[in-house]
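Novice: Residue 16 in numbering that gives the first Met the number 0 is what sits at position 17 of the sequence shown, and the numbering runs on without skipping anything.
Below you'll find the structure I mean.
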Amino acid sequence: MRIATRDLSKLAEALMPTVARAGAAIMEIYEGAFAVQRKDDNSPLTLADLESQRVIVEELTQLTPEVPILSEESAHAPWDERRNWTELWVVDPLDGTREFVKRNGEFTINIALVVDHEPLLGIVAAPAQGLLYWGARDVGAFSRHRGAAQSSIHVAPPHTPIRIVGSRSHASVETASYLAGLRPHTMSGIGSSLKFCLIAAGEADLYPRFGPTSEWDTAAGQALLEAAGGHVTRPDGHRLRYNCRETLINGDFIAFSHPSVLSPEAS
0 MRIATRDLSK LAEALMPTVA RAGAAIMEIY EGAFAVQRKD DNSPLTLADL ESQRVIVEEL
60 TQLTPEVPIL SEESAHAPWD ERRNWTELWV VDPLDGTREF VKRNGEFTIN IALVVDHEPL
120 LGIVAAPAQG LLYWGARDVG AFSRHRGAAQ SSIHVAPPHT PIRIVGSRSH ASVETASYLA
180 GLRPHTMSGI GSSLKFCLIA AGEADLYPRF GPTSEWDTAA GQALLEAAGG HVTRPDGHRL
240 RYNCRETLIN GDFIAFSHPS VLSPEAS
């Protein structure tokens with residue numbers, strides 16, 4: 000049976016214990032002393048990344064053994080194999096490792112279900128903040144704080160000034176140039192996929208990203224934001240899609256609540 004025909008709400012519910020266990024594994028390391036390694040691209044790697052990866056992959060494999068997993072911390076299948084996948088899990092076991100190392104709490108667990116290149120279900124958890132967000136196509140988007148009952152969330156009408164969120168660790172000249180052409184706005188830096196969550200929850204309006212990200216950085220956030228009524232597109236207006244190319248690197252994109260927030264400042 001194709002996952003696209005399953006109950007996405009029930010699938011999300013089945014994943015909540017997995018996310019909680021991965022979060023507990025991360026927090027156990029976060030609250031103690033930990034070493035930081037460097038990957039080939041000089042990005043940081045900690046034991047928390049690997050422990051969260053272990054928990055998530057083990058439990059996804061048990062839950063849906065027929066569905067392949069694409070994860071930042073696992074070996075990537077060659078394109079000749081991936082190109083035949085019609086459904087897959089896209090996972091970042093610890094998004095925002097730089098923020099984890101800084102101990103500012105702005106890191107997340109990202110799990111997305113992608114079917115026919117479209118992100119249908121997204122779960123984003125911020126274990127240091129006790130926050131969990133999830134959303135699914137044709138279901139809606141929801142948030143929960145420290146085990147309380149979940150609440151429905153939705154993008155808010157555009158705020159004045161526009162509330163923009165951007166990367167805390169990856170500012171760029173291109174972003175500054177883009178912002179210069181917008182209407183009056185405020186700008187806040189925040190780590191990881193929490194930027195998608197803030198727009199989905201009506202607490203921000205726009206997140207422009209100029210520079211490389213990987214598919215596991217955006218898939219869960221996109222599914223969540225779209226379920227909340229928002230949008231994630233390339234600058235040309237086309238939606239981000241997944242597992243379509245040999246590269247796993249996204250191009251520039253813009254996440255936003257309503258198209259009106261993209262309007263240039265009146266001259």
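In this text, a Cβ means the ideal position worked out from N, Cα and C, and glycines have one as well.
What are the boundary residues of the beta strand (DSSP E) that residue 208 is part of?
Specialist: Here the beta strand (DSSP E) through residue 208 covers 205–208.
Novice: Taking DSSP's pairing of strands, which residues face residue 238 in a bridge?
Specialist: Answer is 232.
Novice: Our contact map puts residue 251 next to residue 209 with C-beta atoms below 8 Å; I'd like the distance itself, whole angstroms only.
Specialist: 5 Å between Cβ atoms; contact.
Novice: Select from 201, 58, 51 and 71 the residue whose C-alpha is nearest the C-alpha of residue 39.
Specialist: The shortest C-alpha separation from residue 39 is found at 71.
Novice: Comparing alpha-carbon positions, which option in 100, 7, 139 and 109 lies nearest residue 229?
Specialist: Taking only the C-alpha atoms, the option nearest residue 229 is 139.
Novice: Taking 8 Å as the cut-off, decide whether the C-beta atoms of residue 90 and residue 68 are in contact.
Specialist: Their beta carbons are under 8 Å apart, which means residue 90 touches residue 68 by this criterion.
Novice: According to DSSP, is residue 160 part of a helix, a strand, or is it coil?
Specialist: Coil.
Novice: Under the three-state reduction of DSSP, which class applies to residue 115: helix, strand or coil?
Specialist: Three-state DSSP puts residue 115 in coil, outside helix and strand.
Novice: What first and last residue would you give for the beta strand (DSSP E) that runs through residue 188?
Specialist: Segment 184–189, the beta strand (DSSP E) holding residue 188.
Novice: Below 8 Å on the Cβ atoms is my contact criterion, and I expect residue 93 with residue 108 to pass it. Report the Cβ-Cβ distance as a whole number of Å.
Specialist: Going by Cβ atoms, the distance from residue 93 to residue 108 rounds to 7 Å, so yes, they are a contact pair.
Novice: Taking 8 Å as the threshold, find out whether the stretch 141–150 comes into contact with the stretch 181–191 through three or more Cβ pairs.
Specialist: Segments in contact, no.
Novice: Tell me the rounded alpha-carbon separation between residue 5 and residue 158.
Specialist: Going from the Cα of residue 5 to the Cα of residue 158 covers about 37 Å.
Novice: Compute the beta-carbon to beta-carbon distance between residue 29 and residue 47, rounded to the nearest angstrom, for a pair I have assumed lies under 8 Å.
Specialist: Yes, residue 29 and residue 47 are in contact; Cβ-Cβ is about 6 Å, under 8 Å.
Novice: What are the boundary residues of the alpha helix (DSSP H) that includes residue 78?
Specialist: 78–81 is the extent of the alpha helix (DSSP H) around residue 78.
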